[in-house]
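Numbering (our numbering), first residue to last: 1 to 188.
Spelled out as structure tokens, the structure:
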């Protein structure tokens, strides 16, 4: 089986209350492609997902957000989840960390509410993204352009809305990370 992301490390940026399926499903596709996902969080020890209408599973935190550097990763996955976003957006480390990926042209997949970290990093102006309906006003005020599809790719950035087919999404994330990391490697 081909593993185009072998040797690549993906930061999975989450806080308590992240949308569990937004993390676990793309993570499976990334593992199958050979990537090494690492959970980055402001939480200590374990981070708790949100699944459906209640709390989901706990996941071990690999690296605390306060000490994480974008330079140590090849790509960034930001699962959605309103509860988790609130905590991430209250940390100045989130802004610093996400800016490192944006400024380095590294691949980012910001799923559903995950696009809010791009607003906090002040790197969304002029970018076409998939916008969850309830976030459209704020994202457009920050200068983002609304994409028409449920999954939108704009350069190094992949975004999605919540009404996306999960099989399609996880394949799109793995494909996007493969293409962008390959382009960056060719340019180096």
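Cβ atoms here follow ideal geometry from the backbone N, Cα and C, with glycine treated the same way.
Fair warning: this is a prediction, and the values are worked out from it, not measured in the lab.
Between residue 176 and residue 132, the gap from beta carbon to beta carbon reaches 8 Å or more. Between residue 27 and residue 3, the alpha-carbon positions lie close to 14 Å from each other. Its chain contains 124, 127 and 129 as the residues whose beta carbon lies nearer than 6 Å to that of residue 144, once the 5 sequence neighbours on both sides are disregarded; these appear in chain order.
Sequence-distant partners of residue 61 (beyond 5 residues in either direction) whose C-beta falls short of 8 Å from its own C-beta, in its chain, are 39, 40, 41, 43, 44, 45, 46 and 47. Taking C-beta separations shorter than 7 Å and ignoring five residues to either side along the sequence, the partners of residue 50 in its chain run 17, 18, 19, 20, 56, 81 and 83, following chain order. Per DSSP, residue 62 is not a residue of any beta strand (DSSP E), being assigned neither H nor E.
Between residue 118 and residue 110, the C-beta spacing is below 8 Å. In this structure, residue 101 places its C-beta atom within 8 Å of the C-beta atom of residue 70.
With respect to the C-alpha of residue 171, the residue from 68, 87 and 29 having the closest C-alpha is 29. DSSP lists 10 as the bridge partner or partners of residue 37. Residue 98 has its alpha-carbon roughly 10 Å from the corresponding atom of residue 92. In this model, residue 158 and residue 188 are separated by some 22 Å (Cα to Cα). Within the same chain, 40 and 78 come within 6 Å of residue 13 by CB-CB distance, once the 5 residues on both sides are set aside.
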